[in-house]
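K.L.:
Counting along the sequence shown from 1, when you hit position 47 you're at 37 in my numbering, and nothing is skipped either side.
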Amino acid sequence: MAKKKRFTPEERAAMFEPTYFFGYGSLMNAAGINGRHMAKKYQNSDLTPCSLRGFSRSMCAYYGGRNFYGLLEKDPSYLNGVVFRVHSWYDYRALLDSEGATSRYKKFRTYWPVRVTDQMLGWEAPKGFRVMTLVCKKDKSDLGRVERSYIRFCHQAALVWGKQFANEFLATGGVPYNRSKMANIAKKLKIKLW
-9 MAKKKRFTPE ERAAMFEPTY FFGYGSLMNA AGINGRHMAK KYQNSDLTPC SLRGFSRSMC
51 AYYGGRNFYG LLEKDPSYLN GVVFRVHSWY DYRALLDSEG ATSRYKKFRT YWPVRVTDQM
111 LGWEAPKGFR VMTLVCKKDK SDLGRVERSY IRFCHQAALV WGKQFANEFL ATGGVPYNRS
171 KMANIAKKLK IKLW
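1. Hey, G60 and V125 are a contact pair by Cβ (cut 8 angstroms); roughly how many whole angstroms apart?
2. Who are the Cβ neighbours of A20 in its own chain at under 6 angstroms, not counting the five residues just before and after it?
3. For the candidate residues M5, R138, M28, S93, whose alpha-carbon lies nearest to that of V76?
4. Quick check on the burial criterion: 16 or more other C-beta atoms within 10 angstroms. Buried or exposed for A91?
5. Considering only DSSP beta bridges, list what P103 is partnered with.
6. Check the DSSP bridge columns for V76 and list the partner residues they point to.
7. Run through the DSSP bridge pairs and tell me what T38 is partnered with.
8. Which partner residues of N57 appear in the DSSP bridge assignment?
9. Using the Cβ count rule (16 or more neighbours within 10 Å means buried), how would you classify S93?
10. DSSP on M18, reduced to helix/strand/coil?
Below you can see the structure in the form of C-alpha cells.
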C-alpha cells in the first residue's frame, strides 16, 4: 500500500482555493466565528447577510449528546445566513475542525463541507472564489438535547443583522429564544431542551 503524501504548510497554502464560508447558526456573527483557533479575527463588518437555496435548517446535527443547527438538502427550500471570507488553508482547517467536520472525528463526525457557490441568493462570490458550508448526512434531531444557551446565542447572532433578518431566521428553521415558545416547538419537533 502506497504511503499517503504529506504536504508542507507552504504546499498546502499554494493549493488552497480562495474560499467564502456560509454560516447559518452560531457562525452568523463575529463572536461565533472568533475563538476557533483561526488567525483572522473577524468583525461583523467582515460578514455579509445572504441566503442559500436547496437546503433546510434544523436541529439535525448531533455531537456529544447535544443537537445543533445543521443543514439537510431539500428542494425547493432556502434559508438565510451570512458569508465571510476564509483567508488561509490553516483558518479553513481550524474552522472545519472546530465544527467536527474533519475525518479525525471518525464515526462522531457531525458535518461535511459542501460547495454551494451556485446556490447563493442575494450575494455573488467574487470571480475565482468558492463558497462552502457544512451539511449533515442524516437527521439526528431525535438523539440529543438542545441547550437553551445555544438557542439564545444563535438568536442573538441573527438579531445582529436586524429584526427582519431574525424573523427570516425563525421562518427558515430557527428556534425562537422564548421559554414558552421553545417548549412548544420542542414538543412539536420532538426535541429535548436542556
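Heads up, the beta-carbon is just placed ideally off N, CA and C, and yes, glycines get one too.
P.N.:
A quick look at the data gives this:
1. 7 angstroms
2. Y32, Q33, N34
3. M28
4. buried
5. L124
6. T9
7. V73
8. Y52
9. exposed
10. helix
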